[in-house]
Amino acid sequence: MTRGYSLEKDLRLLINNPKYSDIEILCEDEKKFYGCRVILAARSEVFDRLLYNGMKESYENKISFPKINSVGMEIVLEYTYTGSIKEESLSKDNIIEAFYAAEYLQLLGLQDFIMKVFKNILEKNQTENYSPELLSKFASKMPLTEDNILLNLLVEAVATIPLNTVEFGRLSIAGLQYLLVFAKELEPLVEFIDFKRIHGQALVNIIEPLEIVPAKIIVNVYRHNTISNNSNRTYFRGIPITNCTNYVWDESACGSKLIIEDNGKTVHAQNGLSSHQSVRAKMILENNGIYEWDVIIEKVCSWSWVGVASENLNYEDFAGNQPTGWVLGFNGYCYNSGNRINNHCPSFGDGAMITIHLDMNRKTCAFTVNGTKYQEVPTWNNLPSRLYPVASLTYPGRYRIQPHKKNI
121 MTRGYSLEKD LRLLINNPKY SDIEILCEDE KKFYGCRVIL AARSEVFDRL
171 LYNGMKESYE NKISFPKINS VGMEIVLEYT YTGSIKEESL SKDNIIEAFY
221 AAEYLQLLGL QDFIMKVFKN ILEKNQTENY SPELLSKFAS KMPLTEDNIL
271 LNLLVEAVAT IPLNTVEFGR LSIAGLQYLL VFAKELEPLV EFIDFKRIHG
321 QALVNIIEPL EIVPAKIIVN VYRHNTISNN SNRTYFRGIP ITNCTNYVWD
371 ESACGSKLII EDNGKTVHAQ NGLSSHQSVR AKMILENNGI YEWDVIIEKV
421 CSWSWVGVAS ENLNYEDFAG NQPTGWVLGF NGYCYNSGNR INNHCPSFGD
471 GAMITIHLDM NRKTCAFTVN GTKYQEVPTW NNLPSRLYPV ASLTYPGRYR
521 IQPHKKNI
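My numbering puts the first residue of the sequence shown at 121, with every later residue one more than the last.
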């Protein structure tokens, strides 16, 4: 390579080159780099104070940085010698270490460049957000300070992700603490969370170590769980049990020839109704958790259907012919948008009890018919985030809705 044409290229020849170096730099992971003390001191006040302070470091040929990793030091040396960094030198795997090293050595220009690259990484990888892992790595290396520009950006990036979609292991306890300190939103919400509905393992391993919930509340939950005999409790992530008064059919969301009786618990079709009409329940199914309820077919009709629907349903028509209805029929078929799945389960008749199992965590649905539970409906794996129990019937159909009664 011909020298003398490019100062930057010529200076790159000096990076970690023992031929042109007079000092060894030892890193946290015991990796060694070679450097020129004159160049280092000229480019960084921290290096200048370390190498020309008149103390023993000024005369030794080794200097140690026990808190700077080699991947961070490598970026620092490239910037110190050339005044620039190749953008491809930075990645999600080394950007935290590089920023820490730049901050430690007070290289403001390098910090600004790293921030620019990090913003580009976030913009280019919107579908694969690495910020939870990066915030966790940041929390393990740097103290929490409100004026740290990278911390602020990381918190903003993580805050755009629903926490219930972040898999365990991606965001550490320390990282979550950083997020909560900046968000300052959890404390006012504590009084509205029913911690008794959260699984004990999650309380012990995740919530209690955060030290953001008063100890008295945690102790009361442990006491409640210890004396409780209800081992069949369905656990939710802070969602209270749905009010049983909502297990009723909704007269405001009902076909014109359907009649609701018995304080909303039963619905039946008028004499002569030969085409399907639909009705939904008042119970709203949303957020996360497992929702279960029973529909008893007190009187079967030629086509009896039960399932779920979203809000924009035409109640004068069959729910299964609509894109917003997902129902199981007396013949064991499943319908949505007019599409049929044959023989999902055996047929059922008068007196049958159908249990609907709606998993709002996974957006799936399954049915139990007369005590036998069948697999989740295969193509129903992306249900909307807000649903209601629904039924479609003709004369002489009569259905009763009730909370699911588990066998204890």
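All C-beta atoms in this analysis are idealised placements derived from N, C-alpha and C, irrespective of residue type, glycine included.
Query raised in the report: Per the contact definition of three or more C-beta pairs closer than 8 Å, is the stretch 251-260 in contact with the stretch 199-209?
Result: no
**Report entry** Buried versus exposed call for serine 126 [16 or more other C-beta atoms within 10 Å across all chains shown]
**Finding:** Translated into the one-based positions of the sequence shown, residue 126 becomes position 6. Exposed is the call here.
Report task. Run through the stretch 442-493 for me and flag every whole beta strand (DSSP E) of 3 or more residues, listed as ranges in chain order. Result -> 445-449, 454-456, 459-461, 472-479, 484-489
Query - Pairwise C-alpha distance: glycine 384 and tyrosine 469 - result: Residue mapping note: residue 469 aligns to position 349 of the sequence shown, counting from 1. Residue mapping note: residue 384 aligns to position 264 of the sequence shown, counting from 1. Just to set this straight, residue 469 is glycine in the shown sequence, not tyrosine. Each residue's Cα considered, the two are about 22 Å apart.
Report task. Name, in chain order, the residues that DSSP records as bridge partners for alanine 389. Result -> By 1-based counting over the sequence shown, the position of residue 389 is 269. Bridge partners of alanine 389: Leu378.
Report task. Return no unless some Cβ of chain E is closer than 8 Å to the Cβ of alanine 511. Result -> Structure shown: chain E not included; a single protein chain is present.
Query raised in the report: Residue range of the alpha helix (DSSP H) that isoleucine 215 falls in?
Result: Here residue 215 corresponds to residue number 95 of the sequence shown, with the count starting at 1. Its alpha helix (DSSP H) spans residues 215-224.
Requested in this report: Could you tell me which residues DSSP pairs with alanine 277 in its beta bridges?
Outcome: In the sequence shown, the residue the question calls residue 277 occupies position 157. Alanine 277 is not bridged to any residue.
Query raised in the report: When the Cα atoms are used, what is the spatial distance from isoleucine 474 to glutamine 495?
Result: Against the sequence shown, residue 474 aligns to sequence position 354. Against the sequence shown, residue 495 aligns to sequence position 375. Cα-Cα distance, rounded: 14 Å.
Query - Close-in-space but distant-in-sequence residues of the same chain around asparagine 350 (CB under 8 Å, 5 per side omitted) - result: As a first step, residue 350 is located in the sequence shown; it is residue number 230 there, counting from the start. Interpretation of asparagine 350 is limited by its pLDDT of 46, a score under 50 that renders its predicted location unreliable; the figure taken from the coordinates is listed afterwards. Around asparagine 350: no qualifying Cβ.
Query raised in the report: For cysteine 454, which residues of its own chain have a beta-carbon under 6 Å away from its beta-carbon, when the five flanking residues on both sides are left out?
Result: Stepping through the sequence shown from its first residue, residue 454 is reached at position 334. Excluding positions up to five away in sequence, the list reads Leu448, Ile461, His464, Val497.
Query raised in the report: Is proline 360 buried or exposed, if buried means 16 or more other CB atoms sit within 10 Å of its CB?
Result: Here residue 360 corresponds to residue number 240 of the sequence shown, with the count starting at 1. At proline 360 the pLDDT is 41, less than 50, meaning the model places this residue with poor confidence; the figure from the coordinates comes in the next sentence. Classification of proline 360: exposed, given that the 10 Å Cβ count is below 16.
Report task. Starting from glutamine 495, follow its DSSP beta bridges and name the residues at the other end. Result -> Here residue 495 is taken as the residue at index 375 of the sequence shown, counted from 1. None, per the DSSP bridge assignment.
Requested in this report: State the beta-bridge partners of glutamine 522 as determined by DSSP.
Outcome: Within the sequence shown, the letter at position 402 stands for residue 522. Per DSSP, Asp414.
Query raised in the report: Considering only C-alpha positions, which residue in the set Leu146, Val489, Ser512 is nearest to proline 466?
Result: Numbered from 1 along the sequence shown, position 346 holds the residue referred to as residue 466. Checking every option, the nearest Cα to that of proline 466 belongs to Val489.
Query raised in the report: Are there three or more Cβ pairs, one per stretch, closer than 8 Å when the stretch 397-407 is compared with the stretch 416-434?
Result: yes
Query raised in the report: Which residue or residues does DSSP assign as beta-bridge partners of isoleucine 183?
Result: Translated into the one-based positions of the sequence shown, residue 183 becomes position 63. Ile145.
Query raised in the report: Should lysine 419 and valine 368 be called a contact, given that it needs their Cβ atoms to be closer than 8 Å?
Result: The residue labelled residue 419 in the question sits at position 299 within the sequence shown. The residue labelled residue 368 in the question sits at position 248 within the sequence shown. For lysine 419 and valine 368, no; Cβs fall outside 8 Å.
Query raised in the report: Is tyrosine 508 helix, strand or coil when you go by DSSP?
Result: Taking the sequence shown and counting its residues from 1, the one referred to as residue 508 is at position 388. It is a strand residue.
**Report entry** Among Val278, Phe167, Gln321, Ile410, the one whose alpha carbon lies nearest that of glutamate 223
**Finding:** Here residue 223 is taken as the residue at index 103 of the sequence shown, counted from 1. Ranking the options by Cα distance to glutamate 223, first place goes to Phe167.
Query raised in the report: Closest by CA to glycine 427, which one among Arg317, Ala221, Tyr519?
Result: Translated into the one-based positions of the sequence shown, residue 427 becomes position 307. Measuring from the Cα of glycine 427, the nearest candidate turns out to be Tyr519.
Requested in this report: Take the Cβ of histidine 344 as the centre, count every other Cβ of all protein chains shown within 10 Å, and call the residue buried at 16 or more, exposed below.
Outcome: By 1-based counting over the sequence shown, the position of residue 344 is 224. Under this definition histidine 344 is an exposed residue.
Query raised in the report: Tell me, which residues are paired with tyrosine 154 by DSSP?
Result: Taking the first residue of the sequence shown as position 1, residue 154 is located at position 34. Beta-bridge pairing links tyrosine 154 to Glu144.
Query raised in the report: Can you give the Cα-Cα distance for alanine 161 and glycine 174, rounded to whole angstroms?
Result: As a working mapping, residue 161 is identified with position 41 in the sequence shown. As a working mapping, residue 174 is identified with position 54 in the sequence shown. Going by the C-alpha atoms only, they are around 14 Å apart.
Requested in this report: Look at the Cβ atom of isoleucine 404, then the Cβ atom of glutamine 390, and state whether they are nearer than 8 Å.
Outcome: Residue numbering aside, residue 404 sits at position 284 when the sequence shown is read from its first letter. Residue numbering aside, residue 390 sits at position 270 when the sequence shown is read from its first letter. Cβ distance not < 8 Å, so isoleucine 404 and glutamine 390 don't count as in contact.
Report task. Using the DSSP secondary-structure output, state which residues sit across from glutamate 406 in a beta bridge. Result -> Within the sequence shown, numbered from 1, the residue matching residue 406 stands at position 286. The partner list for glutamate 406 (beta bridge, DSSP) reads Arg506.
Query raised in the report: With a CB to CB cut of under 7 Å and the five nearest residues on each side skipped, what residues in its chain are close to glutamine 226?
Result: One-based indexing of the sequence shown puts residue 226 at position 106. Ser164, Glu165, Val166.
Query raised in the report: From the DSSP output, which residues share a beta bridge with arginine 400?
Result: The sequence position of residue 400 within the sequence shown is 280, counting from 1. Answer is Val510.
Query raised in the report: From the DSSP output, which residues share a beta bridge with lysine 419?
Result: For the purposes of this step, residue 419 is taken as the residue at position 299 of the sequence shown. Looking at the DSSP assignment, lysine 419 forms a beta bridge with Arg518.
Query raised in the report: From the DSSP output, which residues share a beta bridge with valine 237?
Result: Position 117 of the sequence shown, counted from the start, is the residue given in the question as residue 237. In the DSSP output, where bridge partners are listed per residue, valine 237 has none listed.
Query - asparagine 184 to alanine 322 span [Cα, whole Å] - result: For this step, residue 184 is matched to residue 64 along the sequence shown. For this step, residue 322 is matched to residue 202 along the sequence shown. According to the sequence displayed, residue 184 carries serine and not asparagine. Cα to Cα, serine 184 sits roughly 42 Å from alanine 322.
Query raised in the report: Apart from the five residues on each side of it in sequence, which residues of its chain come closer than 6 Å, Cβ to Cβ, to asparagine 214?
Result: Here residue 214 is taken as the residue at index 94 of the sequence shown, counted from 1. Counting only Cβ-Cβ distances below 6 Å, and skipping sequence neighbours, we find Val191.
Query raised in the report: Three-state secondary structure (DSSP) at isoleucine 428?
Result: For the purposes of this step, residue 428 is taken as the residue at position 308 of the sequence shown. Looking at the sequence itself, residue 428 is valine, so the reference to isoleucine does not match. Valine 428 falls in the strand class under three-state DSSP.
Report task. Keeping to the same chain, check which residues put their C-beta closer than 7 Å to that of tyrosine 154; ignore five residues upstream and five downstream. Result -> Along the sequence shown, read from residue 1 onward, the residue named residue 154 stands at position 34. Here the set comprises Asn136, Asn137, Pro138, Ser141, Glu144.
Query raised in the report: To which residues does DSSP link tryptophan 529 through a beta bridge?
Result: Nothing can be reported for residue 529, as the shown portion of the chain is limited to 121 through 528.
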